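Novice: This is the structure, below, for whatever I ask next.
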């Protein structure tokens, strides 16, 4: 028994048409030939099948995908021997429609007005043939179409688009139909953003901080002035300015356009000892994304404490040096006296003094 099914893939339980060819390949006639399905239902019968004779049968049934089914055909030899059987097994695979969408672009950087080439590859990674394939871009419209895309087949094409200030957004959509059933499918790629160089998508803020007085002789407070300037290419909104380490607000502004600047002042920032601070600015870009900008660190020096400590250190050093000098001088004098005492006998001065005798008193 050989056979075929009219559908190679089905998406769910469906009716299929099964065609069978039944042949007596022996040398004895068969009688009471019949075929039954996987549930035992007889759907075909013939009284006799001579040696070498063939016959055909058709059977319609509902089946599920990816499941094996068996049809059994049997007959009894005319000579009364044991019944003979033959089987036909088949499976209809589950229809899997899938498309892979591959994209890249060149050049890697493009300014507004430059031409960008978008490269597309559309590949049928499913197991059914797709027809009436259409490729669309929401912002660019229809970019390609194909009559048919067989399983494993891929199509490549390019699209050229002028870069504008807002960049290029790609969200490719592919629609197609199952060649066998006409069922429609839709495939979508993730959104893909190509920014323009210098397109207004580069937020940046410069922060200049000064404080008065520039230093303190003792613990006190300083006045902090902060100038922020939007030197990027987008409007920033909802700006808030803080002394980061203390979380002290310095002020806020609703919007700051490119090139615009604002000045914020904190009249009193208390400082007990030398300390380093930074200014933090929180803002939002036009899409509502949160941004943060931080100034360079600035140090406020409290100098009196350091001066007093330095004075005390200097006085201590001078006292120590005086003490050491007195001790050294005393040691020098002591050593010199000892040496003089030791060598006195060898000196002429001392020898003369030893040999002198007192004069006798004169007689009147």
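Numbering (the numbering used here), first residue to last: 3 to 366. By construction, the Cβ of each residue, glycine as well, lies at the ideal position given by its N, Cα and C atoms. All values reported here derive from a predicted model rather than from experimental measurement.
Looking only at C-alpha atoms, which of 96, 16, 40 and 4 sits nearest to residue 56?
Specialist: 4
Novice: Beta-carbon within less than 8 angstroms of residue 160's beta-carbon, same chain only, minus the 5 sequence neighbours each way: which residues are those?
Specialist: 119, 120, 121 and 122
Novice: Once DSSP output is grouped into helix, strand and coil, what is the label at residue 336?
Specialist: helix
Novice: Between residue 286 and residue 292, what straight-line distance do the alpha-carbon atoms span, to the nearest angstrom?
Specialist: Rounded to the nearest whole angstrom, the C-alpha separation of residue 286 and residue 292 is 5 angstroms.
Novice: Using the DSSP secondary-structure output, state which residues sit across from residue 222 in a beta bridge.
Specialist: Looking at the DSSP output, residue 222 bridges to 273.
Novice: State the DSSP-derived secondary structure class of residue 174, mapped to helix, strand or coil.
Specialist: Coil.
Novice: From the DSSP output, in three-state form, read off residue 130 for me.
Specialist: coil
Novice: Pull the bridge partners of residue 96 from the DSSP assignment, please.
Specialist: 12
Novice: Based on the DSSP output, what are the partners of residue 58 in its beta bridges?
Specialist: 23
Novice: Taking the Cβ atom as the reference point for each residue, do residue 302 and residue 224 lie within a distance shorter than 8 angstroms?
Specialist: yes
Novice: Count the other CB atoms, across all protein chains shown, that sit within 10 Å of the CB of residue 27; report buried if there are 16 or more and exposed otherwise.
Specialist: exposed
Novice: Within this structure, are the beta carbons of residue 78 and residue 101 separated by less than 8 angstroms?
Specialist: No, the pair does not count as a contact, with Cβ atoms beyond the cut-off.
Novice: Around the Cβ of residue 53, are there at least 16 other Cβ atoms within 10 angstroms (buried) or fewer (exposed)?
Specialist: When all chains shown are included, residue 53 counts as exposed.
Novice: Would you kindly work out how many angstroms separate the C-alpha atoms of residue 204 and residue 149, rounded to a whole number?
Specialist: 43 angstroms
Novice: Measure the Cβ-Cβ separation of residue 227 and residue 267 and say whether it is below 8 angstroms.
Specialist: yes
Novice: Per DSSP, residue 108 forms a beta bridge with which residues?
Specialist: 119
Novice: Out of curiosity, what's the CA-to-CA distance linking residue 117 and residue 263?
Specialist: Spanning the alpha carbons of residue 117 and residue 263 requires a straight line of approximately 35 angstroms.
Novice: Is the region 170-184 close to the region 135-142, with three or more CB pairs under 8 angstroms?
Specialist: Taking 8 angstroms as the limit for Cβ pairs, the verdict is that the region 135-142 does touch the region 170-184.
Novice: For residue 186, report the span of its beta strand (DSSP E) as first-last.
Specialist: 186-190
Novice: Pull up the distance between the alpha-carbon of residue 74 and that of residue 97, whole angstroms please.
Specialist: If I take the Cα positions, the gap works out to 27 angstroms.
Novice: Quick check on DSSP: helix, strand or coil for residue 30?
Specialist: Of the three classes helix, strand and coil, the one that applies to residue 30 here is coil, per DSSP.
Novice: Give the range of the beta strand (DSSP E) segment to which residue 292 is assigned.
Specialist: 292-296
Novice: Determine the burial state of residue 15: buried for a count of at least 16 other Cβ atoms within 10 Å of its Cβ, exposed for fewer.
Specialist: exposed
Novice: Below 8 angstroms on the Cβ atoms is my contact criterion, and I expect residue 168 with residue 206 to pass it. Report the Cβ-Cβ distance as a whole number of Å.
Specialist: That pair is no contact at about 18 angstroms.
Novice: How far does the beta strand (DSSP E) with residue 194 in it extend, from its first residue to its last?
Specialist: 194-196
Novice: Since residue 242 sits in a beta bridge, which residues does DSSP pair it with?
Specialist: 254 and 284
Novice: By the three-class DSSP mapping on this structure, what secondary structure does residue 183 have?
Specialist: In the structure shown, residue 183 sits in coil (DSSP, three-state: anything other than H, G, I, E or B).
Novice: To the nearest angstrom, how far is it from the Cα of residue 188 to the Cα of residue 129?
Specialist: Each residue's alpha carbon lies about 16 angstroms from the other.
Novice: Since residue 238 and residue 257 should fall inside the 8 angstroms C-beta cutoff, what is the C-beta to C-beta distance between them, to a whole number of angstroms?
Specialist: Their Cβ separation, rounded to whole angstroms, is 7 angstroms, which keeps residue 238 and residue 257 in contact under 8 angstroms.
Novice: What is the DSSP secondary structure of residue 324, counted as helix, strand or coil?
Specialist: helix
Novice: Consider the Cβ of residue 165: report whether some Cβ of chain B lies at a distance smaller than 8 angstroms.
Specialist: Absent from the structure: chain B. Only one protein chain is present.
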